[in-house]
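Residue numbers (the working numbering), protein chains in the order written: chain A, 1 to 272; chain B, 273 to 570; chain C, 571 to 892. Backbone N, C-alpha and C fix where the C-beta goes; we use that ideal spot for every residue, glycine too. Only a predicted model underlies this, so the values are computations on that prediction, with no experimental measurement involved.
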């Protein structure tokens, strides 16, 4: 019997501070025994032996040779992860969860809406979509942060912005020296960009405040709930729907999620 | 006597609800098991007939006071519960003006488990001292120390040495005491009923629940269980009103009162302090005085 | 049905202790025995339920030393003697969470597959029993490998081959003894609340004011969940020091504030009415949704040991009245 609690070993190939405030650190990890097959939107549990495990969305795309995670320093395990240096061994369980329904998205327009450091799994999704560019119609990204230094993967964003097969709209909350993109909160920018909801799916990840104010805009743009997807965060331990703590109604965020469509969430307790 | 108290409780509860002196009254209703009363929360004056009083109203209702920060609360208290209110006031956790206290002189609460064992489901005709909970047997404050309304005549307080059990326990050898502590602690399942039943265990974050720093491993290794019980007791030193709610809440029947009682006795002997009498007096371990005993310093 | 002499059964059980880890009622609680003389009941049912055999309060998932992961091996065989039918059913419910197709839990399954459950009928159920609410009963045999019925000097016994073969050579003809009346008397003594349709009803009660009402007296300790034979929620933590660590799982409780507390400080179930709703919903709405069965067996432990007399039967009745 496969033991789902046992992590796989890997090594940190690269590690750097992702945000200028040094609260976010990105790790590129290579597993010792080959590559991991996964779907954008899935997550892994990263172990620091002796400290514990924490769940992180996979920020790399399946086509990349490494697993990328961007870790926000908030607690005990994440602080320990921040200390890890390049070439350190790490332990990983995954892929866990369901991931974005990329097959369902085929042949459709895709709108990606994100704020702050919730962009991680959306990087994975965006690269996946670009890797299979002919399968999808228009791709629009609206991504904002408090200030430019808090946008994730800034160099890549600039590269994507140059492409003519994807519409990238970057925003910061307030005017910032040298900033050329949009200024304003994500909901406002989304309304301004006003992507068509026709034949489209919308994927949204962000902090609770952003989600709260973006939902009315999404309704205004006529996206039906079943065509809006979001990825939830909860305190997840086992990652396999056993330990009980991450449920929202009868669904486990770790196993049945973390990606849910809005119409499903609307019928469940607001426990997230 | 008890009937008169019930009548007085209901009348006063109805009055303070009707006159909007309070928004809610915390008292006891009939329990669903033999020898049991259960906390109840009355907001509608027409519901006051739910309120009861008997020898099974053992819960310390002061534990609920902090649950209603926006409400004026009426509360029915025994001697020990009233002392918890005073203790919470001393620690600035309650505002006296927001609480209306209905005091009940208490003759001690009866131990459900002892009665079940002795009489099954049929209540005894005569109540004997030995059926009392241990905390009630040694109680020095049967009458509420603070109240707005008293439901009956004060009862006779005890005059004798309040810590005969601790004095007896202190005579045991170190090994005997350690062994006893190990045996009791080993029964713990870490459900924290003791902590949750205690009005004084109000920390927003309990030391067992933090992970940075992590004071304690999870699980039921004996040393971890012992550390839990030692630190819990130490955090209560001189703050514990000795109501016994912790011990009564324990589903595993762990004897834990002796730990806090020993510390209470020490605080009394060392600092001549007793909690829950004067809301202006801060517990000795929560303050500093030049005259503090420092015999442990060399 | 067969008949088995008590003395001879205990002698056999004593012999079986060589090959099996035998658990039985030991006074108040349920525990491992070295000799059948330790078997003793202080009340109808034990306080700590048999779930501890398959899901111990604390167990190592693996140890980690100098870069190596080592998974503890367990080849023990277990006999659970004298558990009550409600607790046998609770184990069947735990199976549904741990023995799943997608992620079978090896620790649980290793113990469970090597276990024999011998249930004992409740001739005189307790006042807190309400097993009949969930289609079970004091003489229910289907969730155990065998059911024994105490008849003084002997037991009546019925069960599958796995269980009965333990007592090869000791089983006698039951002489046509009828237990129907005994069974009916036991069943009739149980006053169960009506639960019919509660699962569907709860689906529309997520935001009902009832949760505030029924949770007010709750002091949010974990006594109900730790003693519950079907509550299985756990935490995973690392313990140890220097270069030797152990990743272990330990019981956890949805009634605790910190259970869902996130590192950021956000807590989706901060309010106690949400935690009470979770406990009730999990048993009476989520479990039926996922597994087509209620997650409660009516053993009454949560009622009996609650420090403030929160009575789940009363909560059920209130829900049904909404």
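Any C-beta of chain B under 9 Å from that of residue i
| i | result |
| --- | --- |
| residue 75 (chain A) | yes |
| residue 818 (chain C) | yes |
| residue 582 (chain C) | no |
| residue 878 (chain C) | yes |
| residue 631 (chain C) | no |
| residue 703 (chain C) | no |
| residue 619 (chain C) | no |
| residue 821 (chain C) | yes |
Distance, residue j Cα to residue i Cα
| i | j | result |
| --- | --- | --- |
| residue 160 (chain A) | residue 132 (chain A) | 15 Å |
| residue 744 (chain C) | residue 651 (chain C) | 21 Å |
| residue 553 (chain B) | residue 506 (chain B) | 19 Å |
| residue 851 (chain C) | residue 538 (chain B) | 47 Å |
| residue 737 (chain C) | residue 56 (chain A) | 53 Å |
| residue 719 (chain C) | residue 576 (chain C) | 11 Å |
| residue 585 (chain C) | residue 605 (chain C) | 9 Å |
| residue 180 (chain A) | residue 58 (chain A) | 29 Å |
| residue 707 (chain C) | residue 749 (chain C) | 14 Å |
| residue 137 (chain A) | residue 166 (chain A) | 10 Å |
| residue 304 (chain B) | residue 879 (chain C) | 7 Å |
| residue 664 (chain C) | residue 810 (chain C) | 29 Å |
| residue 803 (chain C) | residue 625 (chain C) | 10 Å |
| residue 289 (chain B) | residue 359 (chain B) | 26 Å |
| residue 379 (chain B) | residue 414 (chain B) | 7 Å |
Beta-bridge pairing of residue i - partner residues as DSSP gives them
| i | result |
| --- | --- |
| residue 204 (chain A) | A:113, A:230 |
| residue 182 (chain A) | A:171 |
| residue 816 (chain C) | C:633, C:809 |
| residue 574 (chain C) | C:725 |
| residue 140 (chain A) | A:111, A:167 |
| residue 611 (chain C) | C:597 |
Interface flag, residue i vs chain C, CB-CB below 9 Å
| i | result |
| --- | --- |
| residue 327 (chain B) | no |
| residue 212 (chain A) | no |
| residue 575 (chain B) | Any question about residue 575 (chain B) goes unanswered here, given that chain B covers just 273 to 570. |
| residue 100 (chain A) | no |
| residue 285 (chain B) | no |
| residue 26 (chain A) | no |
| residue 234 (chain A) | yes |
| residue 468 (chain B) | yes |
Span of the beta strand (DSSP E), counted from its first residue to its last, around residue i
| i | result |
| --- | --- |
| residue 89 (chain A) | 89-96 |
| residue 16 (chain A) | 8-17 |
| residue 119 (chain A) | That residue, residue 119 (chain A), is in no beta strand (DSSP E); it is neither H nor E in DSSP. |
| residue 596 (chain C) | 591-597 |
| residue 72 (chain A) | 67-72 |
| residue 300 (chain B) | 296-302 |
Cutoff 9 Å: residue i Cβ touching any chain A Cβ
| i | result |
| --- | --- |
| residue 322 (chain B) | no |
| residue 354 (chain B) | no |
| residue 799 (chain C) | no |
Best match in the options for proximity to residue i [C-alpha to C-alpha]
| i | options | result |
| --- | --- | --- |
| residue 255 (chain A) | A:235, A:69, A:2 | A:235 |
| residue 885 (chain C) | C:847, C:673, C:622 | C:847 |
| residue 96 (chain A) | A:71, A:34, A:253 | A:253 |
| residue 435 (chain B) | B:541, B:290, B:471 | B:541 |
| residue 309 (chain B) | B:320, B:300, B:383 | B:300 |
| residue 423 (chain B) | B:284, B:502, B:446, B:568 | B:284 |
| residue 614 (chain C) | C:704, C:713, C:666, C:756 | C:756 |
| residue 495 (chain B) | B:356, B:450, B:529, B:282 | B:450 |
| residue 892 (chain C) | C:602, C:784, C:762, C:696 | C:784 |
| residue 354 (chain B) | B:322, B:340, B:420 | B:420 |
| residue 512 (chain B) | B:460, B:548, B:502 | B:548 |
| residue 229 (chain A) | A:239, A:220, A:211 | A:211 |
| residue 877 (chain C) | B:343, B:286, B:280, B:467 | B:467 |
| residue 154 (chain A) | A:164, A:170, A:140, A:139 | A:170 |
Alpha helix (DSSP H) segment containing residue i, residue limits
| i | result |
| --- | --- |
| residue 221 (chain A) | Run containing residue 221 (chain A): none; DSSP gives neither H nor E here. |
| residue 258 (chain A) | No alpha helix (DSSP H) holds residue 258 (chain A); DSSP gives it neither H nor E. |
| residue 849 (chain C) | 842-851 |
| residue 52 (chain A) | Not the alpha helix (DSSP H): residue 52 (chain A) falls in the beta strand (DSSP E), residues 52-57. |
| residue 495 (chain B) | 494-507 |
Please list the residues of the region 832-851 of chain C that have a C-beta atom closer than 7 Å to any C-beta atom in chain F, keeping them in chain order. Reference to chain F is not applicable here, since the protein chains of this structure are A, B and C.
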